[in-house]
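Quick note: the sequence shown, position 67, residue 133 per our numbering, numbers continuous.
We put the CB at the ideal spot given by N, CA and C, even for glycine.
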Amino acid sequence: MIHPFSMSEIFRNSILEESMLIISLSLMTIVSIYMVIRRRDILSIYLLAVTICLVIMFAGIITNIAKIGGYNQEQIVFLFLFEKIQKVLRDWPITLSSLGYSVAIGRTLFPYFLLLTAMECSMIAWVRRKKKKLQLLALVIPVMFLIYYYPNIFRELVNSRFWLLVFMIYAARIWIILYVALAFLLLGIEYFNITMTYCRRNFRLIVLGNIGLSAFYFIYAIQDPAQIYNMFIGEYLEIGSITYIRQSIIQYGYISVAIFILFFLIMGTIGMIGYTTLNYIEERKDLILKKKFNSRSLGISIFAHNVKNQLLASRVIYKKMEKALNEDEMDREQLLKYCRNLMAFNEDMLSKMNSFYNSLKDSRIELRPCDLKTVVEEAVDRCKSDKEEIEIILDFQDSPTILADSVRLSEALTNLITNSKEAEATKIIIRLQKERLYHVIVIEDNGNGITKKVIRKIFEPFQSTKPSSTNWGLGLYYVRRTIKNHHGNIHIESKVGEGTTFFIMLPKFLVNS
């Protein structure tokens, strides 16, 4: 029963909602397609599928409203943006059966793809192990309802069985709510099981995008799409549902609805753009670093300059030694001092040559099962002789096995620990922790910290805050490339005056029991 509100009043107060829907859905579709092009992963495909289902559903609803008519020129502008769009939709030669079924397709498949998105994000062991079976099982109910909503089958089943119509309307609402609730339960479990702040911050973008899309979906999800081609069945009157023009909009005000739509539009769009940007920034950073390192003239110039400085310093010591040897009374202690200085110069030179060679040599590595705790301990042992006053605390909950090139990985960790020492840290804490499908090595120091400006360039080759005569700025470039070659990732967080933390994420090695 539509009283006390006339159909024209309902249209008037739903104008802004529908126009907002057209703009919002268009924007979300563009963002979703961009996301798939940029990320090229299964999760972005599922998110695109969720958005497409939403677009199909609302496109059918808006077209249906265009064909119903009953609005003036001003309302056309707000409802369809342009009168031309309204006329195209009104005159589009599509049957009500096809229109209603398209809405049914979008409405029915949205919860399914939302659940698939949540399963893809979930790191729960049994969900990942049985993911394909669960996906097929979850498809059963949507397929059954798509068969039921097929216009010819629907009319055959519902004819003289109006009780079945009412039952199926409520059954559809129940399974849709269950699917969406289960999807957000999986996303919630995943979100609260993430312990690393920046990982949780990134995952929040995915959750945000899905909340925005689901908020749009539930504007009309409770409506039965079959009413588009069976709009005069009495049972729809009894359950208070006739058309997709919502009477509730009058009660709450179209401005409130517009704000509601705009809010979730912003949430969904920011979430999807943010999720896409993370991968784009990472790929862009890899490309920039590669181009910079391939600037051989710069690299060779710096290399030659530093070698020259080292050789000049060695020559000075050699001349002093020669002079001391030619004196009548040789100062043995002085000669030993010169020898030690010369040896130190040579060792330093060899170390830098080795670092430069590691950065240039073939990046291929041999991944073998190895004990991560042992790899970390080897890196720490290499650094302990430098400054004993620095406290290095090892916090290992267990000793996991990973696939790694133990030599290369240990060298990379040595570089990071050395970095912390050179930052005037008095304490370095090295932790091993689990983060869903990754083992994470956390190297935290209480040194000087690093400015945001330096962090942006910290992994670039030949970048260093230390003098070029003592450091060539290849250490962290080599570290990042080594971690990437282990199919891992490295992240840095730092506050000036408080210290720096490196997060090295390496994939878990799952051994078959």
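Per DSSP, reduced to three states, the secondary structure at D511 is strand. By the 16-neighbour rule on beta-carbons within 10 angstroms, T261 is exposed. Here the C-alpha atom of P573 lies approximately 6 Å from the C-alpha atom of G554. With a cut-off of 8 Å on Cβ pairs, the region 217 to 228 is not in contact with the region 266 to 281, counting fewer than three such pairs.
In this structure, the CA atom of M387 is about 11 Å from the CA atom of S380. As DSSP reads the structure, A115 sits in no beta bridge. Per DSSP, M185 is not a residue of any beta strand (DSSP E); the alpha helix (DSSP H) it occupies stretches across 162 to 187. Judged by DSSP in its simplified three-state form, A204 adopts helix. Assignment of beta-bridge partners to F568 by DSSP yields I509, I558. When DSSP reads this structure, L498 sits in a beta bridge with F462, I507. With fewer than 16 other Cβ atoms from the protein chains shown falling within 10 Å of its own Cβ, M210 counts as exposed. According to the DSSP assignment, I468 belongs to the beta strand (DSSP E) that extends over 467 to 470. According to the DSSP assignment, D447 belongs to the alpha helix (DSSP H) that extends over 438 to 449. Nearest in C-alpha terms to S92, of all of Y215, C119, A478, is C119. Per the Cβ contact rule, the region 174 to 189 is in contact with the region 107 to 117 (3 or more Cβ pairs under 8 Å).
Its Cα nearest to that of R448, the residue T484 stands out among E455, T484, L469. In this chain, the alpha helix (DSSP H) harbouring R266 covers 263 to 283. The C-alpha of W158 is placed about 56 Å away from the C-alpha of I558.
The beta carbon of N259 lies closer than 8 Å to those of M189, R502 in the same chain, with the five residues before and after it left out. With a 10 Å radius around the Cβ and a threshold of 16 neighbouring Cβ atoms, Q293 comes out buried. Within the same chain, and ignoring the five residues on either side of A478 in sequence, the residues whose Cβ sits closer than 6 Å to its Cβ are V545, T548. Inter-segment contact for the region 462 to 477 and the region 510 to 526 is absent: fewer than three beta-carbon pairs are separated by less than 8 Å. CA-to-CA, the gap between L498 and L231 works out to about 58 Å. If you ignore the 5 residues before and after I509, its C-beta comes within less than 6 Å of the C-beta of L482, I496, F568, all in its own chain and listed in chain order. For K493, the secondary structure class from DSSP, reduced to helix, strand or coil, is strand. DSSP places P291 within a helical segment (H, G or I) once states are collapsed to three.
Excluding five sequence positions before and after L460, the CB atoms of its chain that fall closer than 6 Å to its own CB belong to I496, given in chain order.
Its Cα nearest to that of T174, the residue I242 stands out among S164, I242, L438, I134. The three-state reading of DSSP puts P217 in helix, counting H, G and I together. Distance from the Cα of E186 is smallest, within the candidate group N412, E256, V506, K389, for E256.
One thing to note: K439 has its Cβ within 8 Å of the Cβ of F462. Within the DSSP secondary-structure output, P573 pairs in a beta bridge with Y504. Annotated three-state conformation of E388 is helix, per DSSP. Within a 10 Å sphere around the beta-carbon of Q400 sit fewer than 16 other beta-carbons, which makes this residue exposed. Assigned with DSSP and collapsed to three states, R434 falls in strand. A direct Cα-Cα distance of roughly 6 Å separates V246 from P177.
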